[in-house]
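Engineer: Handing you a structure now.
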Amino acid sequence: MPDPQFDGQPARIQVHRVRPVYAHGKCSSVANRATVLIHGRSFPGPPVFDLRHRAPGGGTLSTQRVLARAGIDTFAPSLLGFGRSTRFNTGLDDPGNASLRPFLPDGSCAHPEGCDRSHIPIFPLDQQGTLLLHNPLDGQRRAHSSSHRFGRTDLWVRDIRQVIDDAIARAKPSDGKVTLIGWSFGGQLVARTLYAANPVLPDSAAVIAKVDRAVFLDSFFGTPTEDVMPPGGFTSFPLALNPLAQIGGAWVMPPGRDAACTGHIVPDSPEQFRAQNVEEDRLGSTWGGDDPDHPTGFVRSPTFSSYGWNTTVAQQLTTPALVIHGLDDTLAPPSNSTAIYSNLPVANKVLVQVQCASHALHLEGCSGPRCTPEAGTPYGGRPGRPWFGPHATFQAAAVEWIKNGTFDGAARGHFIVNESGVAHPAGVTSAPTR
Numbered sequence: 001m002p003d004p005q006f007d008g009q010p011a012r013i014q015v016h017r018v019r020p021v022y023a024h025g026k027c028s029s030v031a032n033r034a035t036v037l038i039h040g041r042s043f044p045g046p047p048v049f050d051l052r053h054r055a056p057g058g059g060t061l062s063t064q065r066v067l068a069r070a071g072i073d074t075f076a077p078s079l080l081g082f083g084r085s086t087r088f089n090t091g092l093d094d095p096g097n098a099s100l101r102p103f104l105p106d107g108s109c110a111h112p113e114g115c116d117r118s119h120i121p122i123f124p125l126d127q128q129g130t131l132l133l134h135n136p137l138d139g140q141r142r143a144h145s146s147s148h149r150f151g152r153t154d155l156w157v158r159d160i161r162q163v164i165d166d167a168i169a170r171a172k173p174s175d176g177k178v179t180l181i182g183w184s185f186g187g188q189l190v191a192r193t194l195y196a197a198n199p200v201l202p203d204s205a206a207v208i209a210k211v212d213r214a215v216f217l218d219s220f221f222g223t224p225t226e227d228v229m230p231p232g233g234f235t236s237f238p239l240a241l242n243p244l245a246q247i248g249g250a251w252v253m254p255p256g257r258d259a260a261c262t263g264h265i266v267p268d269s270p271e272q273f274r275a276q277n278v279e280e281d282r283l284g285s286t287w288g289g290d291d292p293d294h295p296t297g298f299v300r301s302p303t304f305s306s307y308g309w310n311t312t313v314a315q316q317l318t319t320p321a322l323v324i325h326g327l328d329d330t331l332a333p334p335s336n337s338t339a340i341y342s343n344l345p346v347a348n349k350v351l352v353q354v355q356c357a358s359h360a361l362h363l364e365g366c367s368g369p370r371c372t373p374e375a376g377t378p379y380g381g382r383p384g385r386p387w388f389g390p391h392a393t394f395q396a397a398a399v400e401w402i403k404n405g406t407f408d409g410a411a412r413g414h415f416i417v418n419e420s421g422v423a424h425p426a427g428v429t430s431a432p433t434r
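The sequence shown begins at 1 in my numbering and counts up one residue at a time.
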């Protein structure tokens with residue numbers, strides 16, 4: 001770990017499993033399959049992949065439950081520093097490890113508790129003073145008990161390797177392999193896991209041999225190949241805070257698109273996402289605001305250095321890959337998906353880009369006339385039935401990819417899913433909606 005005080009300490013990784021249950025026993029001809037799902041940079045595994053919320057059309061927004069009903073055993077870890085996994089008393093459990101005010105331009109510090117730097121803008125400075133000063137810091141900023149970024153990409157690749165082995169041991173997949181699914185920053189972690197030339201962790205080839213396919217969902221892309229210190233130094237604090245009141249940012253679309261993409265936010269789904277994040281972070285939910293009896297609450301997440309996912313890495317991956325991305329994603333540009341797909345050298349690869357889908361593609365719905373196509377059938381749906389939204393496309397695509405290595409029957413190609421859910425090859429114009 002970046003802070004050596006944590007080396008050698010015991011730690012636990014929470015793994016949330018949702019598995020198939022057969023009311024009358026499983027036929028011997030049915031293959032055992034397993035999937036490991038990797039969350040992003042801010043939120044732990046269970047809310048991301050097992051959102052307990054009803055979807056349009058009577059389904060569910062839980063990816064894990066849909067996969068389990070298709071006979072696929074699912075494992076969604078909360079990586080070290082997230083959810084109910086270990087955070088360390090002198091790590092993320094210490095509110096004094098949130099960021100302090102910045103160093104002065106000459107590099108000096110004017111404050112007795114210390115100063116901070118952040119090499120990634122997503123980790124803002126002085127969260128102690130702006131978010132925690134009254135609760136729980138009692139009006140005084142505190143010096144850090146850890147003055148390092150919490151993690152680095154390979155820290156969580158180590159976690160993923162352990163979860164892969166755990167999933168194989170527990171699910172006993174027929175081919176001895178798992179499928180990896182990575183959402184957002186999790187896509188970067190999946191890619192690093194599948195990178196044979198990793199100089200930090202040995203035996204990458206043996207790990208890659210345990211993975212049959214990969215899925216990159218709204219993936220980040222374009223980081224350095226290895227962990228290179230930036231000119232100003234790495235982020236100097238381990239704890240980042242995400243206000244519960246702002247937890248709906250993943251659903252944000254470009255200006256004007258909300259009106260066109262009717263129903264993309266399933267009613268009450270951000271609230272359920274918030275509630276499940278509170279379940280996973282009881283301590284963080286008691287922080288913030290002026291009154292400890294009425295906290296505003298946070299989801300705590302670790303700071304890190306980001307590397308390991310770019311064209312160089314993509315060109316060396318050998319695992320068949322499904323790349324799926326929302327064309328209205330404002331957090332990870334849709335161009336990421338095109339770059340990933342274009343640079344993968346494998347023959348078995350598919351790119352699916354979904355209209356009216358944001359960074360929360362796998363949790364989004366559809367309502368109104370646009371959901372009923374004038375021609376064609378929504379991918380994964382039934383003729384004459386409306387499209388239930390991007391979540392339904394992703395769920396159907398994940399099941400098909402895990403089982404067959406195809407999308408809409410194709411093992412290779414670039415597809416666009418229109419605002420009515422109809423999939424067509426890129427460059428082919430689909431019929432308009434009503």
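Even glycine gets a Cβ: it sits at the ideal position worked out from N, Cα and C.
Where do the N-terminal and C-terminal ends of the alpha helix (DSSP H) with LYS349 fall, by residue?
Structural biologist: Counting along the chain, no alpha helix (DSSP H) covers LYS349; the unbroken beta strand (DSSP E) around it starts and ends at 349–354.
Engineer: So, for ALA431: in the same chain, excluding its five sequence neighbours on each side, which residues have a beta-carbon less than 7 Å away from its beta-carbon?
Structural biologist: Any reading at ALA431 must be qualified, since the residue scores a pLDDT of 47, below 50, and its modelled position is unreliable; the value itself is stated next. So the qualifying residues of the chain are PRO373, GLU374, ALA375, GLY376.
Engineer: Looking at C-alpha atoms only, which residue of SER236, PHE185, LEU317 is the closest neighbour of ARG213?
Structural biologist: LEU317
Engineer: Going by DSSP, what residues sit across from THR74 in a beta bridge?
Structural biologist: VAL18, THR35
Engineer: Between which two residues does the beta strand (DSSP E) holding ASP212 run?
Structural biologist: 211–217
Engineer: Can you check whether the CB of CYS356 is closer than 8 Å to the CB of PRO390?
Structural biologist: Yes, the Cβ-Cβ distance between PRO390 and CYS356 is below 8 Å.
Engineer: Suppose you measure from the CA of PHE415 to the CA of ARG192; what does that come to, to the nearest Å?
Structural biologist: 26 Å
Engineer: With a cut-off of 8 Å, do at least 3 Cβ pairs link the region 287–304 to the region 320–328?
Structural biologist: no
Engineer: Determine the extent of the beta strand (DSSP E) in which HIS391 is found, giving its start and end residues.
Structural biologist: Run containing HIS391: none in the beta strand (DSSP E); it sits in the alpha helix (DSSP H), 390–404.
Engineer: Along the beta strand (DSSP E) that carries ALA516, what are the first and last residues, could you check?
Structural biologist: The question about residue 516 has no answer here: the residues shown for the chain are numbered 1 through 434.
Engineer: Compare the C-alpha of CYS366 against each of SER236, ALA392, PHE49, PHE82 and name the closest.
Structural biologist: ALA392
Engineer: Would you call the region 106–117 and the region 84–95 in contact, with 3 or more CB pairs under 8 Å?
Structural biologist: no
Engineer: Under the three-state reduction of DSSP, which class applies to VAL346: helix, strand or coil?
Structural biologist: Three-state DSSP puts VAL346 in coil, outside helix and strand.
Engineer: Compare the beta carbon distance of PRO2 and GLY151 with 8 Å and say whether it is the shorter of the two.
Structural biologist: yes
Engineer: Starting from the Cα of ASN32, find the closest Cα among PRO255, ARG170, PHE82 and give me that residue.
Structural biologist: ARG170
Engineer: Exposed or buried, ARG382, counting other C-beta atoms within 10 Å across all chains shown (16 or more means buried)?
Structural biologist: exposed
Engineer: Taking only three categories from DSSP, how would you classify ASN242?
Structural biologist: Correct three-state label for ASN242: strand.
Engineer: Note the first and the last residue of the continuous alpha helix (DSSP H) segment covering PHE49.
Structural biologist: 45–49
Engineer: Assign ALA339 to one of three DSSP states: helix, strand, or coil.
Structural biologist: helix
Engineer: Among HIS24, GLY129, ARG149, whose alpha-carbon lies nearest the alpha-carbon of GLN5?
Structural biologist: Ranking the options by Cα distance to GLN5, first place goes to ARG149.
Engineer: List the whole-angstrom C-beta distance separating ILE164 from VAL178, where the pair is believed to meet the contact cut-off of C-beta under 8 Å.
Structural biologist: 6 Å
Engineer: Buried or exposed: which applies to LYS349, given that a residue is buried once 16 or more other Cβ atoms fall within 10 Å of its Cβ?
Structural biologist: buried
Engineer: Pull up the distance between the alpha-carbon of THR433 and that of VAL313, whole angstroms please.
Structural biologist: Any reading at THR433 needs caution, since the residue's pLDDT is 46, under 50, leaving its predicted position unreliable; the model's value is listed next. As the crow flies, the alpha-carbon of THR433 is around 39 Å from that of VAL313.
Engineer: Quick one: measure Cβ to Cβ for VAL399 and ALA70, integer angstroms, because I've assumed they're closer than 8 Å.
Structural biologist: Here VAL399 really is in contact with ALA70; their C-beta atoms are around 5 Å apart, less than 8 Å.
Engineer: Does DSSP put SER99 in a helix, a strand or coil?
Structural biologist: coil
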